[in-house]
Amino acid sequence: RQVAAAGVAGAILAGGVRAAMRVPVWKSTNEVYQSIVRDSPRSYAGPMFGGVLAESDGRYADALDAFRRAAQILPTDNRLTLRAAELAYRLGRPALADTLLARIDSTCVHCETFFQAAAINARARGLTTVADSLLRHLAALKTARGR
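Our numbering puts the first residue of the sequence shown at 7, with every later residue one more than the last.
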C-alpha cells in the first residue's frame, strides 16, 4: 500500500511540475495569445482570440481576417462566421458580409432565433448598423424561404 501511495503521489507531483513548466506565467494578454498559437497552431482558438484582441484594438480588418481563419478551421461554429460578417459590415463591405451570412444560412437550423439573438447582441454592443443589417438579412432569408 505504501509503495502504491508513493507511486500515486509521485505521478501527481510529476504532473504538477509538468503543468507548471508548460503554462506560462501571465505577463500580458499578447503573451497568452502567442502561447495559444504556439501550443495549438491548428486550433481555431488562436485566430479567434487574435480576432477579439484585434477588434478591441480597433484593427477591424485584422479581426475580420482572424475570424475568417477561425471559421475555416472550425466551420461548424456559425458564431465565428457571424463575427466575421459583423466585422465586414463595420468595414463597409456588405457583399462580403452577405457571402459569409449565406454560409450560415446553408447550415443553420434555427436561423430566425440565431439572427435575432445576434442582432440583440450587436445592438447591446452599440453596433446599431450591424444589428439592422442582420435583421434585414433575416427578413430576406425568411422571404426566400417563403415564411
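All residues carry an ideal CB built from backbone N, CA and C; glycine is no exception. Only a predicted model underlies this, so the values are computations on that prediction, with no experimental measurement involved.
Own chain residues within Cβ distance below 8 Å of residue i, not counting five before or after
| i | result |
| --- | --- |
| I42 | S49, A51, G52 and F55 |
| C117 | I110, D111, L144 and L147 |
| L80 | Y50 and L86 |
Neighbourhood of residue i by C-beta, 6 Å cutoff - its chain only, sequence neighbours within 5 removed
| i | result |
| --- | --- |
| R129 | A137 |
| L140 | F121, A124 and A125 |
| N166 | Given a span of 7 to 153 for the chain in the structure shown, any question on residue 166 remains unanswerable. |
| P47 | none |
Proximity below 8 Å, CB of residue i to CB of residue j
| i | j | result |
| --- | --- | --- |
| A94 | L88 | no |
| L97 | Y66 | yes |
Contact belief for residue i with residue j at Cβ below 8 Å, rounded distance in angstroms
| i | j | result |
| --- | --- | --- |
| A68 | A60 | One detail in the question is off: residue 68 reads as Asp in this sequence, not Ala. Right, their Cβ atoms sit about 4 Å apart. |
Close Cβ partners of residue i (< 7 Å) along its chain, the five nearest in sequence each way excluded
| i | result |
| --- | --- |
| R75 | P53 |
| T113 | N84 |
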